[in-house]
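All residue numbers for the sequence shown refer to this note's numbering, where the first residue is 484 and numbers rise by one. Where is the CB? At the ideal position from N, CA and C, for every residue including glycine. Just so we're clear, the structure is a prediction, and the values are computed from it rather than from any experiment. Working notes, beginning with the structure itself.
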Amino acid sequence: MYMSGIDNSFREERAPELSSFLVRRSGLIAVLVIVIIAGGALYTQSFIRVPAGHRGVLITWGGKVENRILQEGLSFIIPFIQKVEFMNVQVQKAESTESAATNDLQEVSTTVAVNFRLNPSKVNTIYRELSQDYTSRVIKPNIEESLKAATALYTAEELITKRALMKVTFGDILDDRLAVFDVEVVAVSLTDFQFSQSFAAAIEAKVTAEQQALEAKNKLEQIRYEAQQQVIQAEAEKNATIARAQGEAEAVIIEANATAKAIEVITAQMTPEYAQYLWLAQWDGKLPLVVGEGTGLIIDVNALIQEEG
């Protein structure tokens with residue numbers, strides 16, 4: 484009983500100390516937990532991931548834009564002092580419908596599409612000067628101004644007939660303007676030129692007249708071609724007739740020359756005996772009529788022979 488009383492007395496004396504120890508230990512654990520949590524937060528805030536196709540603009544506390552540009556992937560920053568703005572360096576598109584005046588003072592509107600890209604090595608400058616509003620503050624206003632400048636170099640008709648050249652001119656002007664802001668023009672597109680109703684009607688009438696003139700020209704060319712074919716055919720027929728006539732004439736000449744040559748040969752060989760032979764060879768057996776010289780008397784020798792018989 485005596486020892487039990489001593490133990491109880493000891494416990495009562497040590498209880499305040501034990502309680503104080505437990506309180507101190509709990510506080511220490513809480514501090515450690517807080518430090519661990521804070522350390523984890525600081526660690527996670529110390530790294531930032533820049534998405535693909537973007538660059539990170541580093542901004543320190545107070546809004547100062549640093550010269551350092553964060554590349555794609557993980558980068559270290561000072562937590563709670565620095566923050567990062569992501570800038571898209573992929574090809575982006577700006578599209579709008581604009582109106583402009585041609586060189587011959589015709590009003591025309593067109594839909595413009597521009598593909599552009601921010602210079603990855605200049606995104607900090609772009610953000611410092613334009614923030615994230617570069618499309619509305621720079622891209623679209625310069626598209627409008629460049630289109631007006633390019634359109635003023637061409638007549639309304641040339642916008643239709645020289646569309647490709649007009650697109651190149653517009654792209655060059657816009658590229659020069661946006662290069663000042665470290666923006667690169669990748670491609671431009673001009674579609675759907677719209678003119679006033681009166682000018683559109685005039686263009687349609689002109690095109691119709693040109694088509695009719697072209698049809699008439701083609702018809703005339705066809706008639707001319709057919710006439711040339713007829714001339715060529717007639718010329719060929721004439722040449723053929725002349726050739727036949729010349730051939731026949733030459734044949735007659737050859738035949739006449741042959742006859743003359745034959746007569747010449749026969750005459751050279753003619754003798755009284757040969758002449759008598761030829762006469763007898765051709766005689767039909769009838770005596771010839773004898774004509775009395777100077778009297779007009781005709782005696783039929785055959786008749787006299789028959790009477791004597």
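Straight-line CA distance for L601 to G539? Locating residue 601 in the sequence shown gives position 118, where the first residue counts as 1. Locating residue 539 in the sequence shown gives position 56, where the first residue counts as 1. Distance between the alpha carbons of L601 and G539 is about 13 Å.
Tell me which residues share the same chain as Y617 and place their Cβ nearer than 8 Å to its Cβ, disregarding the 5 neighbours each side in the sequence. Here the question's residue 617 lines up with position 134 in the sequence shown. Once the five neighbours on either side are set aside, the close Cβ partners of Y617 are L601, I609, F664 and V666.
Compare the Cα-Cα distances from S592 to each of L541, A647, D675 and N571 and report the closest residue. Numbered from 1 along the sequence shown, position 109 holds the residue referred to as residue 592. Comparing Cα positions, the closest option is D675.
Pairs of beta-carbons, one from the segment 646-654 and one from the segment 568-582, closer than 8 Å: are there three or more? no
Taking the Cβ atom as the reference point for each residue, do T638 and N586 lie within a distance shorter than 8 Å? Residue numbering aside, residue 638 sits at position 155 when the sequence shown is read from its first letter. Residue numbering aside, residue 586 sits at position 103 when the sequence shown is read from its first letter. Yes, they are a contact pair.
Given a cut-off of 8 Å on the beta-carbon distance, is the pair S629 and F653 in contact? Position 146 of the sequence shown, counting from 1, holds the residue named residue 629. Position 170 of the sequence shown, counting from 1, holds the residue named residue 653. A contact, by the Cβ cut-off of 8 Å.
My assumption, with CB atoms under 8 Å, is that A584 sits in contact with T543. Please give the rounded CB distance. By one-based count along the sequence shown, residue 584 stands at place 101. By one-based count along the sequence shown, residue 543 stands at place 60. So it is not a contact: roughly 49 Å between Cβ atoms.
Looking at N607 and E661, is the spacing between their C-beta atoms short of 8 Å? Counting from one through the sequence shown, the residue named residue 661 turns up at place 178. Counting from one through the sequence shown, the residue named residue 607 turns up at place 124. Per the sequence shown, residue 661 should be read as Leu rather than Glu. Not a contact, by the Cβ cut-off of 8 Å.
DSSP three-state assignment for S681, whether helix, strand or coil: Position 198 of the sequence shown holds residue 681. Helix.
Does the distance from the CB of V533 to the CB of F569 come in under 8 Å? Position 50 of the sequence shown holds residue 533. Position 86 of the sequence shown holds residue 569. Yes, the pair counts as a contact, with Cβ atoms nearer than the cut-off.
8 Å contact criterion, which I564 and I531 should meet: CB distance rounded: As a first step, residue 564 is located in the sequence shown; it is residue number 81 there, counting from the start. As a first step, residue 531 is located in the sequence shown; it is residue number 48 there, counting from the start. In fact, because the Cβ distance is near 13 Å, the residues do not count as touching under 8 Å.
Compare the Cα-Cα distances from Q573 to each of V668, A739 and T754 and report the closest residue. For the purposes of this step, residue 573 is taken as the residue at position 90 of the sequence shown. Taking only the C-alpha atoms, the option nearest Q573 is V668.
Drop a sphere of 10 angstroms on the beta-carbon of Q716, count the other beta-carbons inside from all chains shown, and report buried for 16 or more, exposed for fewer. Within the sequence shown, the letter at position 233 stands for residue 716. Answer is exposed; the Cβ neighbour count stays below 16.
Comparing alpha-carbon positions, which option in E640, E641, I643 and S672 lies nearest D655? Taking the first residue of the sequence shown as 1, we reach residue 655 at position 172. Nearest option by C-alpha distance: S672.
Within the continuous alpha helix (DSSP H) that includes I542, where are the two ends? To locate residue 542, count along the sequence shown from 1; it is residue 59. First-last for I542: H537 to T543, but that is the beta strand (DSSP E), not the alpha helix (DSSP H).
Span separating the alpha-carbon of N571 from that of P603: In the sequence shown, residue 571 corresponds to position 88, counting from 1. In the sequence shown, residue 603 corresponds to position 120, counting from 1. Their Cα atoms are separated by approximately 9 Å.
Please name the residue in A632, K631 and F682 whose C-alpha comes closest to that of E640. Here the question's residue 640 lines up with position 157 in the sequence shown. Out of A632, K631 and F682, F682 has the C-alpha closest to the C-alpha of E640.
Assuming the contact rule is C-beta atoms closer than 8 Å, F678 and Q589 should be a hit. Round their C-beta distance to whole Å, please. Translated into the one-based positions of the sequence shown, residue 678 becomes position 195. Translated into the one-based positions of the sequence shown, residue 589 becomes position 106. Their Cβ separation, rounded to whole angstroms, is 6 Å, which keeps F678 and Q589 in contact under 8 Å.
If we ignore side chains and look at the alpha-carbon of each, how far apart do Q680 and T691 end up? Looking up residue 680 in the sequence shown gives position 197. Looking up residue 691 in the sequence shown gives position 208. For Q680 and T691, the gap between their C-alpha atoms comes out near 16 Å.
According to DSSP, what are the bridge partners of Q705? Here residue 705 refers to the residue found at position 222 of the sequence shown. In the DSSP output, where bridge partners are listed per residue, Q705 has none listed.
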